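In the numbering used here, the protein residues as written are 4 to 138. Glycine included, each C-beta is placed from N, C-alpha and C at the ideal position. Computed from a predicted structure; not experimentally measured.
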Amino acid sequence: MSNTIKLAVAAALAHVPFIPHVGFIGQKAGERPCYHCVVSLHQDARGLCVAEEDSMSRCLVCADANESCCAIPDELLGAAQRFWNCYLAHALHDNKWTGLQRWRIDKLFGECTSAFQLIYDILLNPDRPMTYDHE
Numbered sequence: 004m005s006n007t008i009k010l011a012v013a014a015a016l017a018h019v020p021f022i023p024h025v026g027f028i029g030q031k032a033g034e035r036p037c038y039h040c041v042v043s044l045h046q047d048a049r050g051l052c053v054a055e056e057d058s059m060s061r062c063l064v065c066a067d068a069n070e071s072c073c074a075i076p077d078e079l080l081g082a083a084q085r086f087w088n089c090y091l092a093h094a095l096h097d098n099k100w101t102g103l104q105r106w107r108i109d110k111l112f113g114e115c116t117s118a119f120q121l122i123y124d125i126l127l128n129p130d131r132p133m134t135y136d137h138e
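Structure follows, in structure tokens:
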């Protein structure tokens, strides 16, 4: 069953490919943010996922949160790139948005983060029964 789920997720996200030459805004060429930096981006829009100089085992965000850095699965890399770059493009133009527009953007990206986390969990544990929160 796990291969079936992975294939279904890959097919659903095929229209959001990772584009290597575009990269991730704020990252050096070829660098990719970790999972935790992507899902916490709307809480801290500095757009940096950097490792400590003396420890390449985890980035500063993960070190502060006492988490381990987790790579983004290939199936989600294109979605992560689109999410990251779109949010930072909006954050860089923050002074052009009204308070209501900024709130709507943050709410939308919060919802996108929740969806991203759910898909990530499904990819990592495809055989685990999933529970869905209903509001």
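Cβ-Cβ distance between residue i and residue j below 7 Å
i	j	result
Leu52	Pro36	Note on identity: in this sequence residue 52 is Cys, with Leu being the wrong assignment. Cβ atoms of Cys52 and Pro36: closer than 7 Å.
Gln149	Val64	Residue 149 lies beyond the residue range present for the chain, which begins at 4 and ends at 138; the question has no answer from this structure.
Cys72	Cys62	yes
Ile108	His96	no
Beta-carbon separation (whole angstroms), residue i vs residue j, contact threshold 8 Å
i	j	result
Gly113	His45	6 Å
Leu91	Ile28	4 Å
TODO: Would you check if the stretch 77-88 and the stretch 28-42 touch, i.e. whether three or more CB-CB distances between them fall below 8 Å?
DONE: yes
TODO: Please specify which runs of the beta strand (DSSP E), each continuous and at least 3 residues long, are wholly inside the stretch 13-53, giving them in chain order.
DONE: none
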